[in-house]
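I have placed the structure first, in the form of structure tokens, so that the comments after it can refer back to it.
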Amino acid sequence: MTSQQQPSHPSVSQQSSRQTIIAGNWKMFGTAESTRAFAEEMVRDPHLAHASGNGVGVVICPPTPLLHVLRPFCGTFFELGGQDCHQNVNGAFTGDVSAGMLVDAGCRYVIVGHSERRRYHHETDDVVAQKTRAALAAGLTPIVCVGETLEERQAEQTADVVLRQLDAVLQAVSPDQHVVLAYEPVWAIGTGLAATVEQAGEVHQILRKFYRQRVSNDITILYGGSVNATNAKELLAHSDIDGALVGGASLESRSFLAIVEATGV
Ligand code: PGA
């Protein structure tokens, strides 16, 4: 059954076109020792098993060299994701990893188009679209990030920017391919200044409407940008916010687990 034939029930089924997902993006943090300790705390948490068993997708995206440390723990309580993949299957691209390599390392997800990749690695909308396609071809679920800078928000260009970024991706994938979207306003990432529920909800609605018009289906849309144990509950209560992509607060198992708990599942 394709996702198009499925009813839209957030947080109920992996098959559904919408799912509650809490994903942790560790960026370039962590050691083998801290990662092992994190995993042991995660699997000891009774609530995590309950949430995962009831349809919440819990995903950890560590730096690539730490995937193997988490791998023995993943599958039951949480899934693994990469933080980026190259758009090519293989080749002379020093320092890059392909989507297929992430699959080999145990990943089911990969973040693409994070604003730090767009900014520091000069990734264009087109490159992000190619990476999304490569991830899907390898069997990964891409978590595609979109978001405006502070200047763009102040110039009232938010909708234009996020829809341009989404449109580029939709042109590269077919309607039945499963993509997760993350709205991450650049000004909210790592600043401690999360978007308000109203600000995030408004952009999620714009993205959802556009996606529904283009694909005649629904999509999981996560919010990212300074999500923490304190603000998660309010953000996740919004009917258009399906989950969270969490940076800083995903580094400590306690704060990450509190965000999983804030799903209310
Ligand atoms: P933050 O990062 O939660 O530390 O703001 C989010 C992200 O970059 O995905």
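Quick note on this note's numbering: the sequence shown kicks off at 1 and runs consecutively. Glycine included, C-beta positions come from ideal geometry on N, C-alpha and C.
- Excluding residues up to 5 positions away in sequence, 61, 111 lie with their Cβ nearer than 6 angstroms to the Cβ of residue 83 in the same chain.
- When DSSP states are grouped into helix, strand and coil, residue 23 belongs to the strand group.
- Among the bridge pairs identified by DSSP, residue 180 is matched with 143.
- Judged by DSSP in its simplified three-state form, residue 128 adopts helix.
- Not one heavy atom of ligand 1 falls within 7 angstroms of the beta-carbon of residue 59.
- Secondary structure note for residue 111: its beta strand (DSSP E) is the uninterrupted segment 107-112.
- Taking every protein chain shown into account, the CB of residue 196 has fewer than 16 other CB atoms within 10 angstroms, so this residue is exposed.
- Closer than 7 angstroms to some heavy atom of ligand 1: that does not describe the Cβ of residue 186.
- The alpha-carbon separation between residue 153 and residue 199 amounts to approximately 11 angstroms.
- Annotation: the continuous beta strand (DSSP E) that includes residue 82 extends over 79-82.
- For the alpha helix (DSSP H) assignment, the uninterrupted runs of no fewer than 4 residues enclosed by the stretch 152-230 are, from N- to C-terminal side, 158-172, 197-215.
- No residue range can be given for residue 241, since it is assigned to no beta strand (DSSP E) and is classified by DSSP as neither H nor E.
- In the DSSP annotation of this structure, the continuous segment of the beta strand (DSSP E) that includes residue 57 starts and ends at 57-61.
- Look at residue 86 here: in three-state DSSP terms it is strand.
- The three-state reading of DSSP puts residue 245 in strand, counting E and B together.
- In the structure shown, residue 17 falls within a coil segment according to DSSP collapsed to helix, strand and coil.
- Your pair residue 177 and residue 130 does not check out as a contact, with CB atoms roughly 14 angstroms apart and the cut at 8 angstroms.
- Rounded to whole angstroms, residue 27 and residue 240 show a C-alpha spacing of 26 angstroms.
- A check of alpha carbon separations from residue 55 across 64, 78, 41, 37 identifies 78 as the nearest.
- Excluding sequence positions up to five before and after residue 139, its CB lies within less than 7 angstroms of the CB of 103, all in the same chain and listed in chain order.
- Checking the DSSP bridge columns, you'll see residue 253 has no partner listed.
- By the criterion of a C-beta distance shorter than 6 angstroms, residue 52 is surrounded in its chain by 58, 77, once the five residues flanking it on both sides are discounted.
- Each of 183, 92, 134 was checked against the Cα of residue 162, and the nearest Cα belongs to 183.
- Where residue 123 is concerned, there is no enclosing alpha helix (DSSP H), because DSSP gives it neither an H nor an E.
- For residue 246, the CB falls within less than 7 angstroms of some heavy atom of ligand 1.
- Around the C-beta of residue 17, 16 or more other C-beta atoms lie within 10 Å, and the residue is accordingly described as buried.
- Of the candidates 236, 212, 114, 231, the residue whose Cα lies closest to the Cα of residue 132 is 114.
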